[in-house]
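J.: Under mature numbering (1 follows the signal peptide of the UniProt record, and there is no 0), residues -25 to -1, 1 to 65 are what the sequence shown spells out, in order.
Every residue, glycine too, gets a C-beta built ideally from N, C-alpha and C.
Sharing a structure below in C-alpha cells format, with a few things to ask.
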Amino acid sequence: MKRLRAMPIATLSLAAIMAAGGVLAAPPDARCTCRNRDGSKYEIGQTACIRVGGISYLARCEMNLNVSTWKKLRDGCPTAEIGPADMLLD
C-alpha cells in the first residue's frame, strides 16, 4: 500500500523538476550580444568575419554557459569577386 502512495509523489516531484528545468533553459536575453574587436555589436546567431593577429575566420555569436562568445565556423572569410561577365556594360 505504501508503494502505491509513493508513486504519485515521485511523479509529481519529477514533473516539478522538469518544469523548473524549462524555466532555466529559457532563450537568451535579447540584450545579449557579442562584440567584434572594432566594437561593433552582433546579436546571438549572427555571423561575422573576425580578424585577430593577422588571421581571419568566420564566426557565429553564440551563448555558452550563460556567456556570449564567438564560435569559429571556418578559416578565412567569404569574399566576392568580379568575373569577366560581370564587367560587361550594355
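Smallest Cα separation from G28: which of C7, R12, L48 and P59?
T.: Within the sequence shown, numbered from 1, the residue matching residue 28 stands at position 53. Minimum Cα distance to G28 is reached at R12.
J.: Just the C-alpha distance for L48 and L33, rounded to the nearest angstrom, thanks.
T.: As a position in the sequence shown, residue 48 is number 73, starting the count at 1. As a position in the sequence shown, residue 33 is number 58, starting the count at 1. Approximately 6 angstroms, taken between the alpha carbons.
J.: Put W45 into one of helix, strand or coil per three-state DSSP.
T.: Working through the sequence shown from its first residue, we reach residue 45 at position 70. In this structure, W45 counts as strand in the three-state DSSP scheme.
J.: In angstroms, rounded to a whole number, what distance separates the CA positions of T8 and S43?
T.: Position 33 of the sequence shown holds residue 8. Position 68 of the sequence shown holds residue 43. Whole-angstrom Cα-Cα distance: 6 angstroms.
J.: Could you spell out where the beta strand (DSSP E) holding S15 opens and where it closes?
T.: Counting from one through the sequence shown, the residue named residue 15 turns up at place 40. Unbroken run through S15: none, as it is neither H nor E.
J.: Going by DSSP, what residue range makes up the beta strand (DSSP E) through A23?
T.: Mapped onto the sequence shown, residue 23 falls at position 48. Its beta strand (DSSP E) spans residues T22 to V27.
J.: Using 9 angstroms as the threshold, is the C-beta distance between I19 and E37 below it?
T.: Translated into the one-based positions of the sequence shown, residue 19 becomes position 44. Translated into the one-based positions of the sequence shown, residue 37 becomes position 62. Closer than 9 angstroms, so yes.
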